[in-house]
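J.:
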Amino acid sequence: MKTNQRIGLQSSLTIVAGAIGFVAWGLPGAPVTPAEAKVPPPPQSSRLDSALRFRNAAVIAAADERQQCSLPATRPFNRLPFFFDAYVGRRSVRALTSNPAGRASNVNALDEVPDSSWFENRVGVREVSPEEVRRYPRAAGLAAPKRPFVVVGMKVGGVSPGIRIRDANGVGYLLKFDRPDDPDSETAADVVLQRLLWMVGYHTPEDTIIHFRRQDLTMDAKAKRKDLQGRSQPMTTADLEGVFAKVGRRPDGSYRGLLSRLLDGVPVGGYSQEGTRSDDPNDTVPHQERREIRGTRVFFSWLNQVDVKEDNCLDTWVEDASTPGRGHVRHQLVDFGNALGVFDWKVDESVGFANLMDAHYGVHSLVSFGLWKRPWEGRPVSKLRGVGNLDSGRFDPVGWRPQYPWVPFNRFDRFDGVWGARILMRVTPAHIEAAVAEAQYEDPRSAAYVTQTLLERQRKIGRYYLTETSALESFSVSEVAGKARVCFDDPVVAHLGAGEPLLASSTRHYVTTWDFAGRPLPFRAQEAGAARVCVDGLTAAPDANGYTIVDIATSRAGTPTNRLLLHVARDPASQALRVVGLRRL
Amino acid sequence: MSTSNLLRNVSAGLLLGALVASSFSARARAAPPEPAPAPGPADDDVSGVLLPEVEPSPSPARHLLFVPRLAVTMVTVPVARGLTIVEEHHLHERLIDLFFDDTRTFGIYPTVALETRLTPGVGMRLVHKNLFGQGGRLRVGGDYGGESRFRLEGGLTSPAIAAGMLRGRLTGGWQRQPSAAFFGIGNQSLVSTSDATIPTIPFTARGPFAASTHFAQRVAHAELAVEIDPNGPLFAAVSAAYFKRDFGDDGAAVGADGAPRGDRTEVRFDTASLAGWRQGTEIAYSEAQLGWNTLTAVTPYVSEAAPSTGTKVVAFAGVARGIGGADVGYTRYGVDGFRYFDLYHGDRVLILRGRLEGVVGSEERIPFTDLPRLGGPVLLRGYDRDRFRDRVAVLGSMEYRYPVSRQLGGFLFIDAGRVLPGLQDVGSAVRAPRQLRAGGGGGLEVLQGDVFRLRGQVAGSPEGFFFQLALEPVYRLPTHHQRI
Chain A
0 MKTNQRIGLQ SSLTIVAGAI GFVAWGLPGA PVTPAEAKVP PPPQSSRLDS
50 ALRFRNAAVI AAADERQQCS LPATRPFNRL PFFFDAYVGR RSVRALTSNP
100 AGRASNVNAL DEVPDSSWFE NRVGVREVSP EEVRRYPRAA GLAAPKRPFV
150 VVGMKVGGVS PGIRIRDANG VGYLLKFDRP DDPDSETAAD VVLQRLLWMV
200 GYHTPEDTII HFRRQDLTMD AKAKRKDLQG RSQPMTTADL EGVFAKVGRR
250 PDGSYRGLLS RLLDGVPVGG YSQEGTRSDD PNDTVPHQER REIRGTRVFF
300 SWLNQVDVKE DNCLDTWVED ASTPGRGHVR HQLVDFGNAL GVFDWKVDES
350 VGFANLMDAH YGVHSLVSFG LWKRPWEGRP VSKLRGVGNL DSGRFDPVGW
400 RPQYPWVPFN RFDRFDGVWG ARILMRVTPA HIEAAVAEAQ YEDPRSAAYV
450 TQTLLERQRK IGRYYLTETS ALESFSVSEV AGKARVCFDD PVVAHLGAGE
500 PLLASSTRHY VTTWDFAGRP LPFRAQEAGA ARVCVDGLTA APDANGYTIV
550 DIATSRAGTP TNRLLLHVAR DPASQALRVV GLRRL
Chain B
0 MSTSNLLRNV SAGLLLGALV ASSFSARARA APPEPAPAPG PADDDVSGVL
50 LPEVEPSPSP ARHLLFVPRL AVTMVTVPVA RGLTIVEEHH LHERLIDLFF
100 DDTRTFGIYP TVALETRLTP GVGMRLVHKN LFGQGGRLRV GGDYGGESRF
150 RLEGGLTSPA IAAGMLRGRL TGGWQRQPSA AFFGIGNQSL VSTSDATIPT
200 IPFTARGPFA ASTHFAQRVA HAELAVEIDP NGPLFAAVSA AYFKRDFGDD
250 GAAVGADGAP RGDRTEVRFD TASLAGWRQG TEIAYSEAQL GWNTLTAVTP
300 YVSEAAPSTG TKVVAFAGVA RGIGGADVGY TRYGVDGFRY FDLYHGDRVL
350 ILRGRLEGVV GSEERIPFTD LPRLGGPVLL RGYDRDRFRD RVAVLGSMEY
400 RYPVSRQLGG FLFIDAGRVL PGLQDVGSAV RAPRQLRAGG GGGLEVLQGD
450 VFRLRGQVAG SPEGFFFQLA LEPVYRLPTH HQRI
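In the order they appear, the protein sequences are chains A and B. FYI, numbering that gives the first Met the number 0 numbers position 261 of the first sequence as 260, with every residue one higher than the one before it. FYI, numbering that gives the first Met the number 0 numbers position 234 of the second sequence as 233, with every residue one higher than the one before it.
1) How long is the line joining the alpha carbons of R150 of chain B and R175 of chain B, rounded to whole angstroms?
2) To the nearest angstrom, report how far apart V267 of chain A and T203 of chain A are at their CA atoms.
3) Could you give the distance in angstroms between the alpha-carbon of S24 of chain B and the alpha-carbon of P55 of chain B?
4) Please classify A66 of chain B: is it buried, with 16 or more other beta-carbons within 10 angstroms of its beta-carbon, or exposed?
5) Along the chain, where does the alpha helix (DSSP H) containing V76 of chain B start, and where does it finish?
6) Any idea what DSSP makes of N544 of chain A, helix, strand or coil?
7) How about H89 of chain B: is its C-beta nearer than 7 Å to some C-beta of chain A?
8) Rounded to the nearest angstrom, what separates S191 of chain B and Q434 of chain B at their Cα positions?
9) Suppose only complete runs of 3+ residues qualify. What are the beta strand (DSSP E) ranges in the region 215-259 of chain A, listed by chain order?
10) So, under 8 Å CB-CB, P484 of chain B and V391 of chain B are touching, yes? Tell me the CB distance rounded to an integer number of Å.
11) Could you say if the region 553-563 of chain A and the region 507-521 of chain A meet the contact criterion of at least three C-beta pairs nearer than 8 Å?
12) Please identify the residue among A:A237, A:N311 and A:V476 whose C-alpha is closest to the C-alpha of R224 of chain A.
13) Pick out whichever of B:I107, B:S157 and B:G120 has its Cα sitting closest to the Cα of N129 of chain B.
14) The beta strand (DSSP E) spanning K484 of chain B covers which residue range?
15) Of all the CB atoms in chain A, is at least one closer than 7 Å to the CB of L64 of chain B?
16) Whole angstroms is fine: what's the gap from A36 of chain A's alpha carbon to R583 of chain A's?
17) What does T75 of chain B touch in chain A if you count any residue whose Cβ is under 7 Å from its own?
18) On the DSSP letters alone, give me the boundaries of the beta strand (DSSP E) that E526 of chain A sits inside.
19) Check each residue of the region 336-369 of chain B: if its Cβ is closer than 9 Å to any Cβ of chain A, include it; give the result in chain order.
20) Are L109 of chain A and L581 of chain A closer than 7 Å when you measure CB to CB?
21) Quick one: does S97 of chain A have its CB under 7 Å from some CB of chain B?
22) What span of residues does the alpha helix (DSSP H) with W418 of chain A cover, start to end?
23) Please list, in chain order, all residues of the same chain as G254 of chain B whose beta carbon is under 7 Å from its beta carbon, the five residues on each side excluded.
24) Who are the Cβ neighbours of V139 of chain B in its own chain at under 6 Å, not counting the five residues just before and after it?
25) Got a sec? Which residues, its chain only, sit under 8 Å from Y300 of chain B by beta carbon, not counting five neighbours each side?
26) Where does Q287 of chain A sit, in a helix, a strand or coil, going by DSSP?
27) Residues of chain B with CB closer than 9 Å to the CB of L70 of chain A, please, in chain order.
28) Beta carbon of D279 of chain A, beta carbon of P71 of chain A: below 7 Å?
29) Take A438 of chain A and list the residues in its own chain whose beta-carbon comes closer than 6 Å to its own, dropping the five residues that flank it on each side.
30) Taking only the alpha-carbon atoms, compute the straight-line gap between A201 of chain A and V417 of chain A and give it to the nearest angstrom.
31) For G183 of chain B and V312 of chain B, what's the separation of their Cα atoms in angstroms?
32) In the region 321-364 of chain B, which residue ranges form an unbroken beta strand (DSSP E) of at least 3 residues, counting only runs that do not cross its ends?
33) So, for V328 of chain A: in the same chain, excluding its five sequence neighbours on each side, which residues have a beta-carbon less than 6 Å away from its beta-carbon?
34) Would you report the Cα separation of A239 of chain A and F131 of chain B, rounded to the nearest angstrom?
35) Assess contact between the region 70-80 of chain B and the region 79-97 of chain A, defined as three or more Cβ pairs (one per stretch) separated by less than 8 Å. Is contact present?
Have a look at this one:
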């Protein structure tokens with residue numbers, strides 16, 4: 000079927016207008032670039048350029064989520080409307096909405112995410128040993144999965160083969176497999192991410208690699224599967240054999256699988272990328288404004304977790320034992336099998352660089368007639384078993400993109416970036432090695448490659464975000480004989496200094512102080528860079544409970560970083576100085 | 000109000016709005032960062048903020064976006080809701096269940112075809128995939144409307160036999176086509192039928208003028224082909240085909256006012272000069288084809304439907320003989336070659352094409368419909384379909400293909416060619432390049448995995464611009480019966 004049609008001037012104009020529209024449409028899809036690091040001038044004015052003041056109170060470290068709720072409605076994930084909205088529907092409406100960039104709104108006075116049903120501060124806040132990363136599944140106090148396994152149904156959703164089972168202890172699991180032409184990859188990626196994302200603070204399922212034989216599985220007479228129309232049907236042995244027909248078997252006749260313990264509570268669907276869940280009274284901050292959701296961009300870019308959509312997170316309602324019928328909603332990240340460059344890596348080298356339908360790159364390619372070299376072209380490909388398109392040389396923390404547009408990432412800013420990077424840099428090589436070891440790559444070279452690549456990607460992320468915005472952290476303040484001492488950690492020197500001595504040796508911190516009204520205090524100091532820096536001789540303001548704003552401007556290799564304002568005040572009860580808040584500029 | 004006035008007013012309004020908006024935002028920027036007197040958050044607020052930071056006020060101009068936002072919302076929300084219903088109620092699977100059996104190998108389903116300038120077409124298809132074993136296929140279809148007023152088509156493909164090297168194909172069909180294109184025979188320039196300097200008497204087919212006309216035809220055909228593909232670059236096919244054509248439709252030659260229609264072939268041209276017109280044609284045609292194909296995608300990241308490098312050459316020769324008393328007899332020959340050059344990364348590709356097709360026989364024994372043709376979305380783009388026809392057609396083409404996104408490719412092309420009265424005229428045609436017909440343009444093509452879906456192109460030539468849709472890649476060669 001072919002059609003020819005003459006077109007006149009009007010049609011030509013329409014096409015040109017359409018092309019312009021197409022180009023314009025591509026603009027909102029431009030790379031998610033954190034706001035440019037504008038270096039403010041040194042504070043030489045007579046008034047502080049920030050109106051923000053904090054309450055003279057202890058910093059809140061955990062969110063108030065005391066409100067209970069009954070079982071919320073399940074949010075189904077429908078792919079067609081999701082993709083339509085991601086690329087056309089809601090995207091067009093958002094493009095026409097004046098919604099200026101704004102900082103995440105659920106952070107505490109120290110610009111940190113308080114512990115909640117979404118996130119729990121772990122590494123850096125408490126000791127997380129490599130051993131804890133390695134044995135994570137047993138940390139919850141549960142026994143190891145025990146054979147034989149009883150098949151209770153087929154896995155629902157996703158494209159990789161899988162079944163639902165129950166072990167001899169009566170614990171439910173999801174058993175997933177690698178594709179036969181790509182052994183180790185998905186199961187290994189899942190375990191590595193599960194361990195590392197848990198470590199940096201997210202709630203994840205308990206995943207582990209298991210090797211078993213076909214005879215370790217028996218069928219439950221009530222096992223179910225869903226047909227193409229979503230109707231529940233009895234699951235037969237033929238269905239089970241159909242799963243194993245799609246799965247690679249090891250030379251010794253055993254199978255390798257990913258055992259993922261079913262989450263506690265009742266699944267109620269993934270959380271939305273915008274807004275809140277109306278039937279959860281604790282869900283009060285729009286998801287796109289939550290720091291820990293926006294900040295996943297840092298960790299997902301590190302791990303190349305490109306499969307980001309609403310069915311890659313899961314809310315569960317956990318009933319409180321003391322109040323039957325009432326409980327809380329807990330939010331988890333799930334399903335990491337497409338991370339570490341595994342997603343479509345054999346047929347698509349742009350994964351991690353471009354959206355599935357990337358108008359921005361599409362327009363660039365179209366108007367340059369292919370003369371523009373796309374950033375992923377010619378990227379090296381590892382030939383190692385179980386390793387996808389994961390590399391560090393072409394990795395760009397800013398240019399990284401997931402497969403699908405994700406609203407919280409559109410709202411991502413440099414403050415989310417420095418938050419995530421500060422946590423990420425606390426992950427040590429030993430932590431990564433422990434997580435990768437649990438993935439049980441068949442080829443030890445694969446484990447070494449993944450470990451080394453993640454370390455290199457981690458360093459790139461740290462280098463970008465930690466030097467763009469002031470990353471100083473772990474502040475403390477003390478007072479001796481009327482003179483205050485402020486100490487803080489500099490993660491740039493601590494984590495990047497060894498690799499870049501110049502970066503550490505050239506670091507300078509310029510310190511000035513202001514009172515509550517924003518008037519300058521006489522103190523001036525300059526400190527050299529170090530992993531932990533202390534500034535002595537500060538004098539607290541005489542009024543407003545000693546409310547003093549310590550203004551720290553940092554310069555590295557002669558380039559100033561954005562400033563940080565540390566707010567300290569006297570505890571009315573003890574009269575001791577304490578940190579009441581901070582603001583990164 | 001005239002259009003220009005309207006545009007002027009709209010422009011002035013937009014300018015005024017922008018000025019107002021900029022003055023507002025400038026005022027907002029100029030405001031000093033005084034501590035805001037606004038009440039602080041509650042004491043248990045996690046942020047610990049007592050006095051919030053002063054943020055610049057958003058521009059009032061943002062309210063101007065309300066109208067387009069509402070319009071877009073009114074369009075997109077129902078679409079999203081509809082997609083939700085489709086997915087939640089598994090409507091896609093239910094439809095497939097309705098038209099196909101459980102194994103999805105046998106089905107009967109309706110079709111709808113919408114093409115610009117043509118009436119909507121409706122039809123039915125019956126397919127059986129794995130007939131006689133893996134790869135065997137039966138396909139029967141009927142259409143009403145669209146390009147053909149009425150069409151019946153059927154095809155039976157055998158499974159691959161002899162270690163996958165041999166495949167048989169039986170096809171046949173009948174259609175009534177009310178508007179096949181005819182512009183005359185030869186390389187003449189198009190004239191307007193309203194041009195007063197053009198004689199009003201009917202043109203001879205091979206005359207000094209070409210005019211855009213249409214004619215009705217009824218075509219029945221059947222073909223048996225055996226394809227030999229020994230899984231290497233070499234491939235071959237032999238076929239035998241039967242064609243029967245009748246031309247003309249008295250009812251179409253006059254308009255509603257009873258006057259002759261100048262765009263009908265039988266009115267504008269002297270049909271006595273069109274071989275086969277009066278009595279129709281009934282022929283048997285047999286053909287042999289030999290080819291060489293090394294087209295390949297150099298990386299797995301490139302769709303097999305858009306090869307990166309290699310050569311594809313096909314040479315064919317066939318003999319047509321009239322049957323049932325039809326005075327038809329000619330020999331057809333041709334060669335069609337492609338060379339793909341991988342310029343960069345496997346997806347910036349330069350494609351060169353050379354094509355020559357001809358028929359040998361006495362003029363009156365070659366039906367005008369069987370003459371080699373140029374023009375359309377594949378051969379000599381930028382011209383109407385079947386714009387040129389004669390005993391020899393030569394074509395050279397250069398196409399540059401580049402990637403746009405994962406499923407979208409762009410291309411630019413230049414085609415040049417012409418038809419000639421005989422092979423002996425090729426040399427003189429080469430020496431007179433100004434008589435070549437040239438077209439050029441560009442477009443986009445949609446690829447889904449390793450499957451070509453469609454390409455849309457804008458092609459231009461001195462005869463105008465054309466928007467053309469093609470559901471076949473440019474390098475797919477016509478099957479035997481499509482040549483006639």
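Note that beta-carbon positions come from the ideal geometry of N, C-alpha and C, so glycine has one too.
T.: If we stick to the structure as given:
1) Within the second sequence, numbered from 1, the residue matching residue 150 of chain B stands at position 151. Within the second sequence, numbered from 1, the residue matching residue 175 of chain B stands at position 176. Taking the straight line joining both Cα atoms gives about 6 Å.
2) Taking the first sequence and counting its residues from 1, one reaches residue 267 of chain A at position 268. Taking the first sequence and counting its residues from 1, one reaches residue 203 of chain A at position 204. Annotation: V267 of chain A to T203 of chain A spans about 15 Å, alpha carbon to alpha carbon.
3) Here residue 24 of chain B corresponds to residue number 25 of the second sequence, with the count starting at 1. Here residue 55 of chain B corresponds to residue number 56 of the second sequence, with the count starting at 1. With a pLDDT of only 37 at S24 of chain B, under 50, the local geometry of the prediction cannot be trusted, and the value read off the model is given with reservation. Here the alpha carbon of S24 of chain B sits roughly 8 Å from the alpha carbon of P55 of chain B.
4) Translated into the one-based positions of the second sequence, residue 66 of chain B becomes position 67. Sequence check: residue 66 of chain B is Val here, not Ala. V66 of chain B counts as exposed, since fewer than 16 other beta carbons sit within 10 angstroms of its beta carbon.
5) As a first step, residue 76 of chain B is located in the second sequence; it is residue number 77 there, counting from the start. Per DSSP, V76 of chain B belongs to the alpha helix (DSSP H) from F65 to E87.
6) Walking along the first sequence from the start, residue 544 of chain A turns up at place 545. Three-state result, N544 of chain A: helix.
7) Here the question's residue 89 of chain B lines up with position 90 in the second sequence. Answer yes: the Cβ-Cβ gap between H89 of chain B and chain A drops below 7 Å somewhere.
8) In the second sequence, counting from the first residue as 1, residue 191 of chain B sits at position 192. In the second sequence, counting from the first residue as 1, residue 434 of chain B sits at position 435. Cα-Cα distance, rounded: 20 Å.
9) Listed in chain order, they are 216-225 and 231-233.
10) The first residue shown for chain B is 0 and the last is 483, placing residue 484 of chain B beyond what the model contains.
11) Taking a cut-off of 8 Å for Cβ pairs, the region 553-563 of chain A and the region 507-521 of chain A touch, as three or more such pairs fall below it.
12) Walking along the first sequence from the start, residue 224 of chain A turns up at place 225. Nearest of A:A237, A:N311 and A:V476 to R224 of chain A, Cα basis: A:A237.
13) If you number the second sequence from 1, residue 129 of chain B lands on position 130. If we check each option's Cα against that of N129 of chain B, B:S157 comes out closest.
14) No answer is possible for residue 484 of chain B: the residues shown for chain B start at 0 and end at 483.
15) Mapped onto the second sequence, residue 64 of chain B falls at position 65. Judged by the 7 Å Cβ criterion, L64 of chain B is in contact with chain A.
16) Here residue 36 of chain A is taken as the residue at index 37 of the first sequence, counted from 1. Here residue 583 of chain A is taken as the residue at index 584 of the first sequence, counted from 1. Its pLDDT being 36, under 50, A36 of chain A is placed unreliably in this model, and the value from its coordinates should be taken loosely. Taking the straight line joining both Cα atoms gives about 12 Å.
17) Numbered from its first residue, the second sequence carries residue 75 of chain B at position 76. Those within 7 Å of T75 of chain B in chain A are V87, G88, S91 and V92.
18) If you number the first sequence from 1, residue 526 of chain A lands on position 527. Following the DSSP letters along the chain, one finds E526 of chain A inside the beta strand (DSSP E) bounded by residues P519 to A527.
19) Taking 9 Å as the upper bound on Cβ-Cβ separation, chain A lies near residues L342, Y343, H344, D346 and R347 of the region 336-369 of chain B.
20) Here the question's residue 109 of chain A lines up with position 110 in the first sequence. Here the question's residue 581 of chain A lines up with position 582 in the first sequence. Result yes, Cβ atoms of L109 of chain A and L581 of chain A sit closer than 7 Å.
21) Counting from one through the first sequence, the residue named residue 97 of chain A turns up at place 98. So, interface residue.
22) The residue given as residue 418 of chain A occupies position 419 in the first sequence. From DSSP, the alpha helix (DSSP H) with W418 of chain A extends over R413 to L423.
23) Reading the second sequence from its first residue, position 255 is the one you call residue 254 of chain B. Cβ contact annotation for G254 of chain B (same chain, cutoff 7 Å, sequence separation greater than five): R260, in chain order.
24) Numbered from 1 along the second sequence, position 140 holds the residue referred to as residue 139 of chain B. If we look at V139 of chain B and ignore the five residues flanking it on each side, its Cβ neighbours are L125 and G153.
25) In the second sequence, counting from the first residue as 1, residue 300 of chain B sits at position 301. So the list reads G345 and D346, once near-sequence residues are dropped.
26) Taking the first sequence and counting its residues from 1, the one referred to as residue 287 of chain A is at position 288. Of the three classes helix, strand and coil, the one that applies to Q287 of chain A here is helix, per DSSP.
27) For the purposes of this step, residue 70 of chain A is identified with residue 71 of the first sequence, where counting begins at 1. Against chain B, a Cβ distance below 9 Å from L70 of chain A picks out nothing, because the smallest value is about 20 Å.
28) Along the first sequence, read from residue 1 onward, the residue named residue 279 of chain A stands at position 280. Along the first sequence, read from residue 1 onward, the residue named residue 71 of chain A stands at position 72. The Cβ atoms of D279 of chain A and P71 of chain A lie closer than 7 Å to each other.
29) Within the first sequence, the letter at position 439 stands for residue 438 of chain A. Result list for A438 of chain A: A187, V190 and V191, in chain order.
30) Locating residue 201 of chain A in the first sequence gives position 202, counting from the first residue. Locating residue 417 of chain A in the first sequence gives position 418, counting from the first residue. Reading the sequence as shown, one finds Tyr at residue 201 of chain A and not Ala. For Y201 of chain A and V417 of chain A, the gap between their C-alpha atoms comes out near 17 Å.
31) One-based indexing of the second sequence puts residue 183 of chain B at position 184. One-based indexing of the second sequence puts residue 312 of chain B at position 313. Near 30 Å, if we compare the C-alpha coordinates of V312 of chain B and G183 of chain B.
32) Counting only runs of 3 or more, we get 328-343 and 347-359.
33) One-based indexing of the first sequence puts residue 328 of chain A at position 329. For V328 of chain A, where only same-chain residues beyond five positions count, the Cβ hits under 6 Å are D279, D314 and W316.
34) In the first sequence, counting from the first residue as 1, residue 239 of chain A sits at position 240. In the second sequence, counting from the first residue as 1, residue 131 of chain B sits at position 132. Reading off the sequence, residue 239 of chain A comes out as Leu, not Ala. L239 of chain A and F131 of chain B have their alpha carbons spaced roughly 29 Å apart.
35) Cβ pair count under 8 Å is three or more, so yes.
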